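Colleague: The listed protein sequences correspond, in order, to chains V and E.
Counting from 1, position 33 in the first sequence corresponds to residue 23 in the working numbering; the numbering is continuous, with no gaps.
Counting from 1, position 147 in the second sequence corresponds to residue 137 in the working numbering; the numbering is continuous, with no gaps.
Number of protein chains: 2
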Amino acid sequence: MSETTVTAAILVIGDEILSGRTKDRNIGYIAEHLARIGVDLREVRVVPDDEDEIVAALNALRARYDYLFTTGGIGPTHDDITADAVAEAFGVGIGEDPRVIAMMQERYAPGDFTPARRRMARIPHGADLIDNPVSKAPGFRIGNVMVMAGVPVVMQAMLDNAIKDVKGGAAMLTANVEAGNLPEGRYGDALREIALARPAVSIGSYPSYDDGRFRNQIVVRSKDAAALAEARAAVEAMVGRLKGDAAPL
Amino acid sequence: MSETTVTAAILVIGDEILSGRTKDRNIGYIAEHLARIGVDLREVRVVPDDEDEIVAALNALRARYDYLFTTGGIGPTHDDITADAVAEAFGVGIGEDPRVIAMMQERYAPGDFTPARRRMARIPHGADLIDNPVSKAPGFRIGNVMVMAGVPVVMQAMLDNAIKDVKGGAAMLTANVEAGNLPEGRYGDALREIALARPAVSIGSYPSYDDGRFRNQIVVRSKDAAALAEARAAVEAMVGRLKGDAAPL
Chain V
-9 MSETTVTAAI LVIGDEILSG RTKDRNIGYI AEHLARIGVD LREVRVVPDD EDEIVAALNA
51 LRARYDYLFT TGGIGPTHDD ITADAVAEAF GVGIGEDPRV IAMMQERYAP GDFTPARRRM
111 ARIPHGADLI DNPVSKAPGF RIGNVMVMAG VPVVMQAMLD NAIKDVKGGA AMLTANVEAG
171 NLPEGRYGDA LREIALARPA VSIGSYPSYD DGRFRNQIVV RSKDAAALAE ARAAVEAMVG
231 RLKGDAAPL
Chain E
-9 MSETTVTAAI LVIGDEILSG RTKDRNIGYI AEHLARIGVD LREVRVVPDD EDEIVAALNA
51 LRARYDYLFT TGGIGPTHDD ITADAVAEAF GVGIGEDPRV IAMMQERYAP GDFTPARRRM
111 ARIPHGADLI DNPVSKAPGF RIGNVMVMAG VPVVMQAMLD NAIKDVKGGA AMLTANVEAG
171 NLPEGRYGDA LREIALARPA VSIGSYPSYD DGRFRNQIVV RSKDAAALAE ARAAVEAMVG
231 RLKGDAAPL
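1) Please look up how many angstroms separate the CB atoms of residue 132 of chain E and residue 76 of chain E, rounded, as I've assumed it's under 8 Å.
2) Would you say residue 204 of chain V faces chain E, with C-beta separation under 9 Å as the test?
3) Relative to the C-alpha of residue 180 of chain V, which candidate in V:231, V:156, V:139, V:203 has its C-alpha closest?
4) State the Cα-Cα distance for the pair residue 175 of chain E and residue 103 of chain V, rounded to the nearest angstrom.
5) Excluding the five sequence neighbours on either side, which residues of its own chain have a C-beta within less than 6 Å of the C-beta of residue 107 of chain V, listed in chain order?
6) Is the Cβ-Cβ distance between residue 37 of chain V and residue 36 of chain E less than 9 Å?
7) Can you find the residues in the same chain that come closer than 6 Å, C-beta to C-beta, to residue 87 of chain E, ignoring five residues on each side of it along the sequence?
8) Show which residues of chain V have a CB atom less than 8 Å away from the CB atom of residue 174 of chain E.
9) Rounding to the nearest angstrom, what Cα-Cα distance links residue 123 of chain V and residue 59 of chain V in this structure?
10) Just verifying my parser: in three-state terms, what is the DSSP assignment at residue 74 of chain E?
11) Using 9 Å as the limit for Cβ to Cβ distance, is residue 24 of chain V near chain E?
12) So what does residue 182 of chain V bridge to, in DSSP terms?
13) For the alpha helix (DSSP H) holding residue 128 of chain E, just list the boundary residues, first then last.
14) Excluding sequence positions up to five away, which residues of its chain have a Cβ less than 7 Å from the Cβ of residue 125 of chain E?
15) Taking residue 82 of chain V as the reference, which of V:4, V:233, V:225, V:117 has the closest Cα?
16) Here's the rule I'm using: 16 or more other beta-carbon atoms within 10 Å means buried, otherwise exposed. How should residue 152 of chain V be labelled?
17) Taking residue 211 of chain E as the reference, give the member of E:26, E:11, E:164 with the closest Cα.
18) Buried or exposed, going by whether 16 or more other CB atoms sit within 10 Å of the CB of residue 227 of chain E?
19) Beta-carbon of residue 231 of chain V versus every beta-carbon of chain E: anything under 9 Å?
20) With a cut-off of 8 Å on the beta carbons, I'd call residue 31 of chain V and residue 0 of chain V a contact; round off their distance for me.
21) Taking only the alpha-carbon atoms, compute the straight-line gap between residue 119 of chain E and residue 14 of chain V and give it to the nearest angstrom.
22) Using the Cα positions of residue 200 of chain V and residue 99 of chain E, report the straight-line distance between them to the nearest angstrom.
23) How many whole angstroms separate the CB atoms of residue 184 of chain E and residue 137 of chain E, which I take to be in contact at a CB cut-off of 8 Å?
24) Taking only the alpha-carbon atoms, compute the straight-line gap between residue 208 of chain E and residue 182 of chain E and give it to the nearest angstrom.
25) Can you name, in chain order, every residue of its own chain whose Cβ lies under 6 Å from the Cβ of residue 198 of chain V, other than the five neighbours on each side?
26) Can you list the residues of chain E that residue 179 of chain V reaches, using a CB-CB cut of under 7 Å?
27) Just tell me which of E:45, E:94, E:196 has its CA closest to the CA of residue 62 of chain V.
28) For a test of the three-state rule: what should DSSP assign to residue 103 of chain E, helix, strand or coil?
29) What residue range is occupied by the uninterrupted alpha helix (DSSP H) comprising residue 49 of chain E?
30) Name the chain E residues that come within less than 7 Å of residue 241 of chain V, Cβ to Cβ?
31) For residue 158 of chain V, which residues of its own chain have a beta-carbon under 6 Å away from its beta-carbon, when the five flanking residues on both sides are left out?
32) In this structure, how does DSSP classify residue 38 of chain V when only helix, strand and coil are distinguished?
33) Between E:202, E:5, E:168, E:213, which has its C-alpha nearest residue 68 of chain E's C-alpha?
34) Are any of the Cβ atoms in chain E nearer than 9 Å to that of residue 78 of chain V?
35) When Cβ atoms are compared, which residues of the stretch 45 to 58 of chain V fall closer than 9 Å to chain E?
36) Residue 148 of chain V and residue 213 of chain V: beta carbons closer than 9 Å?
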C-alpha cells in the first residue's frame, strides 16, 4: 500500500478495571477517534497499578507503535503512579513542573493546595502538557506517549487536545452491509471467496444477539474508495442473492 | 501471604474492537466473575484478527498466568481464525472434531450444514469442549486456555461452563467507603498514610463525574477479613473527620 500507515496502542492503567469494579469506557471512545483521524489502533493492554508492570507495558508498546495513549493513574492519591512509571520508562527525572504549579495556584487557595494536589504537578522532565479544561490538572506528552486521566469526561477533554498534533495516515473507509437474519453459516463460504479475491479490503462479519435472535452485519474496510465500493457491491449482491434463496430459518 | 493466589489474563481478539465499531462488553463481565471466584485478573490484551499477533499474545499470556480466557474469532467466517492460532501456539494439529460434527448434524439439516458451519467444528487436537447452550457451536479448553465466543450472550453462557473447573484462591474481599464530594486532593495525604501502614490491604481512590460534579469512592481490598475491617474503619474515620472539617468546595 502506498498510503502512509500510522499506528497506535492504548494502555489502560488501573486495578479497578481488572477487578471488575469499573467498566472501561475509554477504549472504545479512543478507538473511534483514532479511526476518524486515520490512525490504526493495533493493540490494547490493561495492567494493574504496579510500577514494574506499567513500565514494561509502556516500553513494549511505545517501541512498537507510532503513538501510545495511556489512561488512568494521574490523580492525587497514592495509587496514582503513572507519571513515575513513565519517567522510569523513559529514563528521565520527574519533579514538580512550574507550569502546573502556577496553574494550580490559580485554582486553589493556599490552604487548599495540599501535598496530595501538588503530586498532580509532578511531570517527567521534558514532557509537554496536555490541557485539561475539566479539572485543570493536566496530562502530558513525552516522546510518542500521551498520558491522560482515567475518568472518561476528563480523558475525553484531554484526548481532543492530545490528538491535535497527531498526524494520521489515510483514513480507513468503511461500509456496512446489513445481512439481518441471514445466518453467517449461510453466507460464510461466499463471503470467504469475496474476501480472498480482494486483498486491498478487509471484510469482517459481526453477529450480535438481540431479543433472542442473531443479527449479522458485514463490514468492508479499505483506504481505497474505489476498492471499497467494488467490494461493497459484491457483498451486497451476494447477500441479496442468498436472502432470495434462503429457506426459512 | 499464605493464601494461594490464582491468576488470569483475558485476550480479546477482533478487529472490530480496535476499529471502535464494537464496544467490548466482555472484559468487565469476565473480570467480575473471576473476582467472585477468587481469581486475580492481572492483564488484558486486545489484538487484531492476525494469526501472528494472536499466537504471540497467547504464548505470552498463557505462560505467565494460571488461566487465560480468550473471546472472539470462533465463528464460521473467514475472519474467524482463533482456533487455528491456538493450535499453532500449542504446536498441535487441528481438524474437525467428531463430537462437534455430531452435535451440529443434530442441529442442521444436511443441506444447511455448509462448509462455513463445518469450520466451527475445527478444534485443536487434545482440547476439551466448552458447551454453548445458546447457539451450539462450542468453545474449547486446551491446557490453561479457555477459548470462548465474542458475542456477549454466547460468551457469558460459555464462561459459566468454562469456570466450573477453575480452582480459585481465597476470594478478594472489598469494602466501599463513600467520600461523596470530598475532593481527592483533600483526603489524598491522609489516605496515603493509611495505605502505607497496611501492606495486607490494597486501597484505591476512584473519582467519577456525574451531572457536572465529581464523586469519589474509596475501595479497600484484602483477602483477610480482619485486616479489611480494620482498614475500612480507618478510612471511614478519616473521611468522617475531613467531611466535618471541610470548607465548602
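All residues carry an ideal CB built from backbone N, CA and C; glycine is no exception.
Since we're looking at a predicted model, the values are computed, not measured.
Modeller: For this structure:
1) Looking up residue 132 of chain E in the second sequence gives position 142. Looking up residue 76 of chain E in the second sequence gives position 86. Right, their Cβ atoms sit about 6 Å apart.
2) On the first sequence, position 214 is the one that residue 204 of chain V refers to. Residue 204 of chain V counts as touching chain E.
3) For the purposes of this step, residue 180 of chain V is taken as the residue at position 190 of the first sequence. Answer by Cα proximity: V:231.
4) Within the second sequence, the letter at position 185 stands for residue 175 of chain E. Within the first sequence, the letter at position 113 stands for residue 103 of chain V. Going by the C-alpha atoms only, they are around 8 Å apart.
5) Within the first sequence, numbered from 1, the residue matching residue 107 of chain V stands at position 117. The residues are 66.
6) In the first sequence, residue 37 of chain V corresponds to position 47, counting from 1. In the second sequence, residue 36 of chain E corresponds to position 46, counting from 1. Cβ distance not < 9 Å, so residue 37 of chain V and residue 36 of chain E don't count as in contact.
7) By 1-based counting over the second sequence, the position of residue 87 of chain E is 97. So the list reads 111, 113, once near-sequence residues are dropped.
8) Here residue 174 of chain E is taken as the residue at index 184 of the second sequence, counted from 1. Near residue 174 of chain E (Cβ distances below 8 Å), the residues of chain V are 65, 66, 67, 106.
9) Translated into positions along the first sequence, residue 123 of chain V becomes position 133. Translated into positions along the first sequence, residue 59 of chain V becomes position 69. Cα-Cα distance, rounded: 18 Å.
10) Residue 74 of chain E sits at position 84 when you count from the first residue of the second sequence. For residue 74 of chain E, the three-state secondary structure derived from DSSP is helix.
11) Here residue 24 of chain V refers to the residue found at position 34 of the first sequence. For residue 24 of chain V, the answer is yes, since a Cβ of chain E falls inside 9 Å of its Cβ.
12) Within the first sequence, the letter at position 192 stands for residue 182 of chain V. Paired residues: none, contrary to the question.
13) Numbered from its first residue, the second sequence carries residue 128 of chain E at position 138. No alpha helix (DSSP H) contains residue 128 of chain E, which is instead part of the beta strand (DSSP E) from 126 to 132.
14) As a first step, residue 125 of chain E is located in the second sequence; it is residue number 135 there, counting from the start. Result list for residue 125 of chain E: 144, in chain order.
15) To locate residue 82 of chain V, count along the first sequence from 1; it is residue 92. Of V:4, V:233, V:225, V:117, the residue nearest in Cα terms is V:117.
16) Taking the first sequence and counting its residues from 1, one reaches residue 152 of chain V at position 162. With 16 or more Cβ atoms within 10 Å of its Cβ, residue 152 of chain V is classed as buried.
17) Taking the second sequence and counting its residues from 1, the one referred to as residue 211 of chain E is at position 221. Cα-wise, what sits closest to residue 211 of chain E is E:164.
18) As a first step, residue 227 of chain E must be located in the second sequence, where it is residue number 237. Burial call: exposed.
19) Taking the first sequence and counting its residues from 1, the one referred to as residue 231 of chain V is at position 241. Judged by the 9 Å Cβ criterion, residue 231 of chain V is not in contact with chain E.
20) On the first sequence, residue 31 of chain V is found 41 positions in, with the first residue counted as 1. On the first sequence, residue 0 of chain V is found 10 positions in, with the first residue counted as 1. Going by Cβ atoms, the distance from residue 31 of chain V to residue 0 of chain V rounds to 7 Å, so yes, they are a contact pair.
21) Within the second sequence, the letter at position 129 stands for residue 119 of chain E. Within the first sequence, the letter at position 24 stands for residue 14 of chain V. If you take the alpha carbons of residue 119 of chain E and residue 14 of chain V, they lie about 30 Å apart.
22) Translated into positions along the first sequence, residue 200 of chain V becomes position 210. Translated into positions along the second sequence, residue 99 of chain E becomes position 109. Answer to the nearest angstrom: the Cα atoms are 25 Å apart.
23) Residue mapping note: residue 184 of chain E aligns to position 194 of the second sequence, counting from 1. Residue mapping note: residue 137 of chain E aligns to position 147 of the second sequence, counting from 1. Not quite, the Cβ-Cβ distance comes to about 42 Å (not below 8 Å), so this is no contact.
24) Sequence index remark: in the second sequence, residue 208 of chain E carries index 218 (1-based). Sequence index remark: in the second sequence, residue 182 of chain E carries index 192 (1-based). For residue 208 of chain E and residue 182 of chain E, the distance between alpha carbons rounds to 12 Å.
25) On the first sequence, position 208 is the one that residue 198 of chain V refers to. Excluding positions up to five away in sequence, the list reads 205.
26) Taking the first sequence and counting its residues from 1, the one referred to as residue 179 of chain V is at position 189. 104, 105, 106, listed in chain order.
27) Sequence index remark: in the first sequence, residue 62 of chain V carries index 72 (1-based). Among E:45, E:94, E:196, the Cα nearest to that of residue 62 of chain V is on E:196.
28) Sequence index remark: in the second sequence, residue 103 of chain E carries index 113 (1-based). It is coil, neither helix nor strand.
29) As a working note, residue 49 of chain E is residue 59 in the second sequence. Element bounds for residue 49 of chain E: 41 to 54.
30) Since the displayed chain V opens at -9 and closes at 239, residue 241 of chain V lies outside it and no answer follows.
31) In the first sequence, counting from the first residue as 1, residue 158 of chain V sits at position 168. The answer, listed in chain order, is -4, 27, 28, 29.
32) Taking the first residue of the first sequence as 1, we reach residue 38 of chain V at position 48. The answer is coil: DSSP assigns residue 38 of chain V none of H, G, I, E or B.
33) Mapped onto the second sequence, residue 68 of chain E falls at position 78. The alpha carbon of residue 68 of chain E has as its nearest neighbour, out of E:202, E:5, E:168, E:213, the alpha carbon of E:5.
34) In the first sequence, residue 78 of chain V corresponds to position 88, counting from 1. No - not a single Cβ of chain E is within 9 Å of the one on residue 78 of chain V.
35) Against chain E - using a Cβ distance shorter than 9 Å - the residues of the stretch 45 to 58 of chain V are 47.
36) Here residue 148 of chain V corresponds to residue number 158 of the first sequence, with the count starting at 1. Here residue 213 of chain V corresponds to residue number 223 of the first sequence, with the count starting at 1. No, they are not a contact pair.
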